[in-house]
Amino acid sequence: MRLATWNVNSVKARLPRLLSWLEETGPDVVCLQETKCRADQFPADEVGELGYATAAHGEGRWNGVAVLSRVGIEDVSNGFPGEPAYEGEADGQLALDEPVMLTPEARAIGATCGGVRVWSLYAPNGRSPDSAHYLYKLAWFEALRAALEDELARGLPLVACGDYNVAPTDEDVWDPSVFVGSTHVTPAERKALAELRDLGLHDVVPTPMKGPHPYTYWDYRAGMFHKNMGMRIDLVYASEAVAGRVRSAYVDREARKGKGPSDHAPVVVDIDAADFGRTGGAPG
DNA sequence: ATGTCTACGGCACGTAGA
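Note that the working numbering has the first sequence beginning at 20, numbered continuously upward.
Right under this line is the structure:
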C-alpha cells in the first residue's frame, strides 16, 4: 500500500496539481488537509475519474480534511468523539445564561481503507503561546489522544497522519533560535506528540529528497523553500503493525516547486500491507 | 522587505489566517 499525506492549502486552487500528482505518484490512500471547502464542494468527480473514492469533511473558508482511497473507504468518521470547538478570545464575554453551541472545526476525518484505519488530521496552529488558540491546540491534542486510544483498541492497523503543526525536535526546524517563544516547538506541544507515541504510535520519519532534513513545510515568503529553511510538521504516526511493515518513506519536495504550489510537500509511505485486508488477521 | 498564498464578500480590493 502506498499512503500519502499532503496539506494542499485549498483543494480547489490546487486541483490541477493534485490530479497530476496523483497520476504520477499513484498512492492508494491519500490524507489531505486544508482543503478549504465544504464536503459538497470537494472535487470528488475529478479524483473519481482517477479511481479514488472520497471522504471529505469541510466547512468552507478554512480548515477541511479528506481521505482519498482506491482500496475502499468505509466507516467514515467526521471529527472524533470529544473533539473541542474553538471558543475564541471572546470567551467569558458571553452572557452566562446564553450557552452557545459551538461546532468543532473540520480538522479530523477517519476512514477504513484496505484494512487500515486511516486518520487525516489538521491540528490547530496555536498562533502564539499566550493566546486562547494555543490552549485550544493543547486541548485538541488531549482529546485526540483519548480518541486514538479508543481507535487503537479496535485492533485494526492504524495511521494518524497530517499537519500536526508541531516540530517534534529541534532538528525539525531550520534554526531553533528563531523559534524561541513561538508555537510549534514548545515543551507542551512536544509533550502532546510524545503522549501520542506513548499509545504505541511510531513516527515514520521520511527520507528527504535533498539535504539532511526531511522538512515538509516552507513558508511562501522570503525564498524560504529556495534556502531550504523549512520545518517537519507533517507527520505519519503509525501503529506497530503498520510501522513494522514500512518499506520506505520520502518527502516529495518536487511537489513544492514551480508555479502555484502548496506551502507543504507530501509525505509518501510504502507499506507491505498485503495481509491487512484479510479478516481474522493479527490485531494491532 | 511585514517579501506569499488563499478565501471571502461581492465584483475591487481589503481583511484574516497561515
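Here a beta-carbon is modelled for each residue, glycine too, at the ideal position from N, C-alpha and C. Every value quoted in this text rests on a predicted model; they were computed, and no experiment measured them.
Reduced DSSP category for residue i - H, G, I as helix; E, B as strand; rest coil
{"i": "G181", "result": "strand"}
{"i": "R80", "result": "coil"}
{"i": "D253", "result": "strand"}
{"i": "A32", "result": "coil"}
{"i": "D191", "result": "helix"}
{"i": "V197", "result": "helix"}
{"i": "V66", "result": "helix"}
{"i": "R21", "result": "strand"}
{"i": "L175", "result": "coil"}
{"i": "L115", "result": "Interpretation of L115 is limited by its pLDDT of 49, a score under 50 that renders its predicted location unreliable; the figure taken from the coordinates is listed afterwards. In this structure, L115 counts as coil in the three-state DSSP scheme."}
{"i": "W138", "result": "strand"}
{"i": "G300", "result": "Its pLDDT being 47, under 50, G300 is placed unreliably in this model, and the value from its coordinates should be taken loosely. G300 falls in the coil class under three-state DSSP."}
Local Cβ density within 10 Å of residue i, reported as buried at 16 or more and exposed below that
{"i": "H203", "result": "buried"}
{"i": "T188", "result": "exposed"}
{"i": "L22", "result": "buried"}
Residue i versus residue j: straight-line alpha-carbon distance, rounded
{"i": "V286", "j": "D271", "result": "6 angstroms"}
{"i": "P148", "j": "N26", "result": "23 angstroms"}
{"i": "D116", "j": "P103", "result": "Only weak support is given to the placement of D116: the predicted model assigns it a pLDDT of 48, under 50, and the question is left unresolved by the model."}
{"i": "T131", "j": "E43", "result": "24 angstroms"}
{"i": "N217", "j": "V135", "result": "Position check: residue 217 holds Asp in this sequence, whereas Asn was assumed. C-alpha separation (whole angstroms): 20 angstroms."}
{"i": "G129", "j": "D238", "result": "28 angstroms"}
Where the beta strand (DSSP E) containing residue i begins and where it ends
{"i": "G129", "result": "A127 to C132"}
{"i": "E102", "result": "Taken as a continuous stretch (DSSP letters only), E102 belongs to no beta strand (DSSP E), as it is neither H nor E."}
Boundaries of the alpha helix (DSSP H) in which residue i is found, first to last residue
{"i": "D159", "result": "Per the sequence presented here, residue 159 reads as Trp, with Asp not at that position. Element bounds for W159: A151 to L171."}
{"i": "V261", "result": "E259 to A262"}
{"i": "E208", "result": "P206 to R216"}
Residue from the options with nearest C-alpha to residue i
{"i": "R164", "options": "F99, V135 and A125", "result": "F99"}
{"i": "V255", "options": "D289, K276, K246 and R240", "result": "D289"}
{"i": "N28", "options": "G77, A260 and M120", "result": "G77"}
{"i": "G107", "options": "T73, V137 and H152", "result": "H152"}
{"i": "A162", "options": "M250, E214, V224 and A284", "result": "E214"}
{"i": "V185", "options": "E259, E68, E273 and T235", "result": "T235"}
Distance cut-off 8 angstroms: residue i Cβ against heavy atoms of the ligand ZN
{"i": "D59", "result": "With respect to the ligand ZN, the structure offers nothing, as it holds no ligand at all."}
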